[in-house]
Every structure is written in structure tokens, then in C-alpha cells.
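In my numbering, the protein residues as written are 4 to 483. Glycine residues also receive a C-beta, built at the ideal position from the N, C-alpha and C atoms. Following: one structure in C-alpha cells, then a few remarks.
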Amino acid sequence: MAETTQQCFFPGLDGPIAVVDIETTGGNVTRDRITEIGIVEFDHDGVKEWSTLINPGMAIPRTVQALTGINNDMVADAPRFEQVAKQIWQRLEGKIFVAHNVRFDYGFIRNAFADLGFSMQLNLLCTVKLSRALYPEYKRHGLEAIIERFNIPTSARHRALEDAKATYHFLKQAQQDKSAADFMAAVQLQTKRPSLPPGLDPSIIEQLPNGPGVYYFYGDNDNLLYVGKSVNIRKRVMSHFSGDKASAKAMTMCQQIRDIRATETTGELSALLLESAEIKKQQPIFNRRLRRLSTLYTIQLLEDSKGLLRPKVTPVTEAQRHLKMYGLFPAQKKARNALQETAKATGLCDHVMVPGTDPQSPCMGRQLKRCEGLCVGEVSVVQHNVWLMDALAKIGLSAWPFAGRVCLVEFTRSGDDNDKRYTAFLLDNWCLLASQEGVGDPDIQELSRMACEPMLDRDLYRYLCKALLKPAKDTRLLPL
Ligand SMILES: [Zn+2]
């Protein structure tokens, strides 16, 4: 297909395009793999076609083989994705990625690049949506229906290049069919989306700070929708609207945003803690996922009079300092379930793993032939202890690396040393006891007096592991 160079590519598209179609081992974007890719490029050099089979590194299910005609033998000697990744990247780079149901093809290709450590960011155009916008009188907009509608010649349906060519053909056909203005409007409607929330003044985003802190999304009547944190507030806020990871819930939220406010903090840790505190206090509608701050539970192993280790589910704040903590759970029940699952998987005895069971009879697990037999004397106490510790090891929290309390200070990046703003945190056993903000040097004595109910959550634990074991540039650990 030779074509002369054109000044403008398509009305509404201000650049070259790559029409892409892929075949895969199935429809699951994380589990399945690409078996073939076909690309029709349209750029300053005209139209180019390219395709290759790809060895997916997994078997192609029989039903998929039947649909595409691509079987395991055909891909056995084909290159793996990483071997053709560079070529694909060069063909797609700087182009508008066009596909029929673009989320599918783009999702797979983007994931494949992500596996190789590359982040692909292209503007997308979906020809399904384009067809819907331009031909509302039709009900069906699948590629099959479109091929029929326009009588598009095609030789091998469900092969990547043939489908990409058919998609490109549709794009050209639609452009000829419709007025430039209509075509352009339909294209722009899509490529501009996902966009900023309709009820939000764009200048609000422009004014957001680029530093660390907490941001607040407000809806009608100043109703707080969501609280989030970031090391770069504006960038993070923008990412909410990029739509790449948008779930239905996230989209619903974005539609409702009328105002965004932000509070800058000294650094990342301060942002994390302020976010936690704000969510706890204000309970924004869309933070349900983050409502984990009430009480967290953990598991500790206590030795009974016979030397048998028994798991005890306890609030983190009441955990015994000298004992190891296993896991962080948002509810007591979750911790208990985890123990039962562990028992099932490892042959541990219900009498130990399910508190409150009758210790006399063989346990339920034994009756179901799951328990190796601690309850009937077939497994020794020592052996059971070893199995239990082994089974829980993977959810074990790191031991607190200090003898007791420590003070972690976070400084602002800017300002000279004498008037640097700081936030100081009093910490013990992965919990936050108190925090203090100020300028210059922290008042440790005052901070110690402020200590109140310990607070711990998963993010805080994760952050502290990093911050305490490998302190960041802007933090300092002070002796108490
Ligand atoms: Zn048992």
C-alpha cells in the first residue's frame, strides 16, 4: 500500500498515527501474553505495514488457536517480545496509538514494556468509540460489523496485521464519509479525554504546589470527597485525571470534584502522617479503602506452660515489645482467618491455630486429615513450634532496631541550615507517639512529654522501615 506524503494526517489528529492490532493467548491483560502484533504506520513517509509473530512463553489455549489460527508451532521459533521490543517502540514512539478497542491492545503492549522496565505513554484513539460517535445509527461497532458495513476487503480475520489494516481502512473511510468538522469533533472528543473534572476551574490545578504534602478533593457544598498525599502534590493530583488506571469508582469521584486544596508539609513522612490523621478525623467518602487506621491487629506467639507456642491476636498498640509481630490486620477476624488458612496449608493443629476449640478430642483439622497430629500426640511440641514459626515467618515484621524510643526529624529541602523548618517524630516499636513542627532545632524534651496513644498503620510501618534502616537525605535520627 503506497501512499504519497500528506501535509495533514487526519483532521483533529495533529501527528502521525500507528494503527495497532495484537493477538494474545487470552483476554487477561496481566496473565496472558501477546502472540502477534501488527502495525500500520502513517507518518511523513507515508503508510508502512509491519507485523511479527511473538513467542508468548506459554501455551496458547485451544479455543484461542481456533479463533486466530495462530498455534503453538507457529510461535515456537518466533522472537520473544523483548527481542522485538526496540522495533515496536520505534514504530510507536511519538505516534497516536490507534486500535479497535484501544484499551485492550494498549494495555497489553504497555504491560509488556513495563515488564522490561519501560513506561509507555502515548495518546490513544479508539476506533470503536469513533465509530459510535460518527455512526450512531448503527448498533454494532465491532470490527466484524465495521468490515461488513464498509465492505472492507480482508483476507485473514483475527490475524494482527489484517485487523490493523481493516481498522486503518475504517479510519480513512470515515474521514471521507464525514465532514472534516464532524470527524475532527469526534476525534477530539476522545483524544482529549480523560480530562479534568468538568466542574473544576483548571487554574486551581496550576496553583497547586510541586512539593510534598496532602491534597483534598471537594465536591458540591464543600463536601470532602478524598484526601491523598504525595511528594509532589500537583503531579499526583494530575495523575488522578490521566485515566490510565482509572477505575469506575475513581472516575465517579473525579466527575464530582469542584475544588482542590493542599497543605504543604516538611517532607514525605509528614505528608503520610497528616494524611492518616485527616482521613481518620474527616472520613472522606472515597477514602474507604484507607480507613484502616482505627485499630490494627497483629499476631504474637506466646509460650504456654507446656512450652507450646500459641498465636495470640492482639491490637498492635498492646503488642509486647520483646515479642516478634506477625502481620498487620485491619480487623481481629482477618488475623484469625489468616491463622486458619495457615493451619490448613501447613498441617498445624486447630487446637493451637483456632483459639477456643475444645482441646480434648482430635481437632477438626485432624478429622479432615489436615492436621499432622499434635492433638493426638503424633507431633511433638518442639516440632509444632518450628512449623508454626516457619509458616508465619513470611508475614513477620522487622524487629524494632532500637532499645526504645527514638526521635526522627524531617527537614525541608529549602532554606539555610539555621531557619530550616522541621517536623520531629517520636517513635517506638514502629508506632508514632507524637510529632512536633518548628524552625531550627527540635525540642526533644517537649516532644517526649507530648507522647500519647501509639499509632501505627501499614504505610507508616513501610515508610519507617525504609526511613529508619536507611535514612533519607533530609531526615536525621536523634538520640533520646
Ligand atoms: Zn490437631
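Within 8 Å, strictly: CB atoms of V234 and E271: The residue given as residue 234 occupies position 231 in the sequence shown. The residue given as residue 271 occupies position 268 in the sequence shown. Against a cut-off of 8 Å, the Cβ pair of E271 and V234 comes out as a contact.
Check: D353 C-beta below 7 Å from any heavy atom of ligand 1: Here residue 353 refers to the residue found at position 350 when the sequence shown is read from its first residue. Yes, since a heavy atom of ligand 1 falls inside the 7 Å radius drawn around the Cβ of D353.
Distance cut-off 7 Å: L377 Cβ against heavy atoms of ligand 1: Taking the first residue of the sequence shown as position 1, residue 377 is located at position 374. Yes - ligand 1 has a heavy atom lying nearer than 7 Å to the Cβ of L377.
Distance between beta carbons of N126 and I99, contact taken as under 8 Å: Along the sequence shown, one-based indexing puts residue 99 at 96. Along the sequence shown, one-based indexing puts residue 126 at 123. Right, the Cβ-Cβ distance comes to about 5 Å (below 8 Å), so this counts as a contact.
The stretch 98-114 in contact with the stretch 52-68 per 3-pair CB rule at 8 Å: no
Closer than 7 Å: P365 CB and nearest ligand 1 heavy atom: The residue you call residue 365 lines up with position 362 of the sequence shown. P365 Cβ: within cutoff of ligand 1.
Simplified DSSP state of M458, which is helix, strand or coil: Here residue 458 refers to the residue found at position 455 of the sequence shown. Three-state result, M458: strand.
Proximity test, C374 beta-carbon vs ligand 1 heavy atom, cut-off 7 Å: Counting from 1 along the sequence shown, the entry for residue 374 is found at position 371. At least one heavy atom of ligand 1 is nearer than 7 Å to the Cβ of C374, so yes.
Q178 vs P14 beta-carbon contact at 8 Å: For the purposes of this step, residue 178 is taken as residue 175 along the sequence shown, with counting starting at 1. For the purposes of this step, residue 14 is taken as residue 11 along the sequence shown, with counting starting at 1. Cβ distance < 8 Å, so Q178 and P14 count as in contact.
Every unbroken beta strand (DSSP E) inside the stretch 15-64 [3 residues or more]: 20-27, 37-46, 49-56
Alpha helix (DSSP H) segment containing E321, residue limits: On the sequence shown, residue 321 is found 318 positions in, with the first residue counted as 1. Premise fails: E321 is in no alpha helix (DSSP H) and is neither H nor E.
Status (buried if at least 16 other CB within 10 Å, exposed otherwise) for C455: Your numbering for residue 455 matches position 452 in the sequence shown. The residue in question, C455, is exposed, as its Cβ has fewer than 16 Cβ neighbours within 10 Å.
Continuous beta strand (DSSP E) assignments of at least 3 residues falling wholly in the stretch 181-232: 216-221
Chain-order list of residues whose beta-carbon lies under 8 Å from that of F153 (same chain, five-residue window excluded): Mapped onto the sequence shown, residue 153 falls at position 150. These residues qualify, in order along the chain: H172, F173, Q176.
In chain order, each alpha helix (DSSP H) run of at least 4 residues that lies wholly inside the stretch 360-413: 367-370, 384-396
Where F428 sits in the DSSP three-state scheme: Residue mapping note: residue 428 aligns to position 425 of the sequence shown, counting from 1. Here F428 sits in strand by DSSP.
E306 - containing beta strand (DSSP E), residue span: Stepping through the sequence shown from its first residue, residue 306 is reached at position 303. Where E306 is concerned, the enclosing beta strand (DSSP E) stretches over 300-306.
Proximity test, R65 beta-carbon vs ligand 1 heavy atom, cut-off 7 Å: Counted from its first residue, the sequence shown places residue 65 at position 62. R65: no, Cβ never under 7 Å from ligand 1.
Simplified DSSP assignment, three categories, for C468: As a position in the sequence shown, residue 468 is number 465, starting the count at 1. Note: C468 maps to helix in three-state DSSP.
Separation of Y218 from R162, as counted between CA atoms: Mapped onto the sequence shown, residue 162 falls at position 159. Mapped onto the sequence shown, residue 218 falls at position 215. Looking at the two C-alpha atoms, the distance is approximately 47 Å.
Distance cut-off 7 Å: R313 Cβ against heavy atoms of ligand 1: Counting from one through the sequence shown, the residue named residue 313 turns up at place 310. Because no heavy atom of ligand 1 lies under 7 Å away, the Cβ of R313 does not count as near it: no.
Rounded distance between the beta-carbons of N58 and P82, thought under 8 Å: Reading the sequence shown from its first residue, position 79 is the one you call residue 82. Reading the sequence shown from its first residue, position 55 is the one you call residue 58. Contact flag correct, Cβ pair sits at about 7 Å.
Delimiting residues of the beta strand (DSSP E) encompassing V101: Taking the first residue of the sequence shown as 1, we reach residue 101 at position 98. V101 -> beta strand (DSSP E) spans 99-102.
For T478: DSSP bridge partner residues: The count along the sequence shown starts at 1 and reaches residue 478 at position 475. DSSP lists E413 as partners of T478.
Stretch-stretch touch, CB-based, cutoff 8 Å, three pairs: the stretch 120-136 with the stretch 46-54: no
Validate contact between the stretch 344-356 and the stretch 325-333 using beta carbons, cut 8 Å, 3 pairs: no
CB contact flag (Q285, V230, <8 Å): Taking the sequence shown and counting its residues from 1, the one referred to as residue 285 is at position 282. Taking the sequence shown and counting its residues from 1, the one referred to as residue 230 is at position 227. Yes.
Cβ-Cβ distance between L312 and N388 below 8 Å: For the purposes of this step, residue 312 is taken as the residue at position 309 of the sequence shown. For the purposes of this step, residue 388 is taken as the residue at position 385 of the sequence shown. Yes; because the gap between Cβ atoms is below 8 Å, this pair is in contact.
Reduced DSSP secondary structure (H/G/I, E/B, other) of L463: The sequence position of residue 463 within the sequence shown is 460, counting from 1. Note: L463 maps to helix in three-state DSSP.
Candidates N340, N74, L459: closest to A280 by CA position: Walking along the sequence shown from the start, residue 280 turns up at place 277. Considering only alpha carbons, the answer is L459.
Neighbour-count burial assignment, G214, 16 or more Cβ in a 10 Å radius: Locating residue 214 in the sequence shown gives position 211, counting from the first residue. It counts as buried.
7 Å Cβ shell around V379 - same chain, five flanking residues per side excluded: Locating residue 379 in the sequence shown gives position 376, counting from the first residue. For V379, where only same-chain residues beyond five positions count, the Cβ hits under 7 Å are P365, R369.
R295 - DSSP class collapsed to helix/strand/coil: As a working mapping, residue 295 is identified with position 292 in the sequence shown. Unreliable placement is indicated for R295, whose pLDDT of 44 sits below 50; the coordinate value is still reported in the next sentence. Residue state, collapsed to three classes: coil.
Near ligand 1: R369 beta-carbon under 7 Å from a heavy atom: As a working mapping, residue 369 is identified with position 366 in the sequence shown. Yes; taking the cut-off as 7 Å, the Cβ of R369 has a heavy atom of ligand 1 nearer than that.
Pair within 8 Å by beta-carbon distance, I263 and G222: The residue labelled residue 263 in the question sits at position 260 within the sequence shown. The residue labelled residue 222 in the question sits at position 219 within the sequence shown. It is not a contact, given that the beta carbons lie outside the stated cut-off.
Inter-residue Cα distance where the pair is A437 and T320: One-based indexing of the sequence shown puts residue 437 at position 434. One-based indexing of the sequence shown puts residue 320 at position 317. In a straight line, the C-alpha of A437 is about 14 Å away from that of T320.
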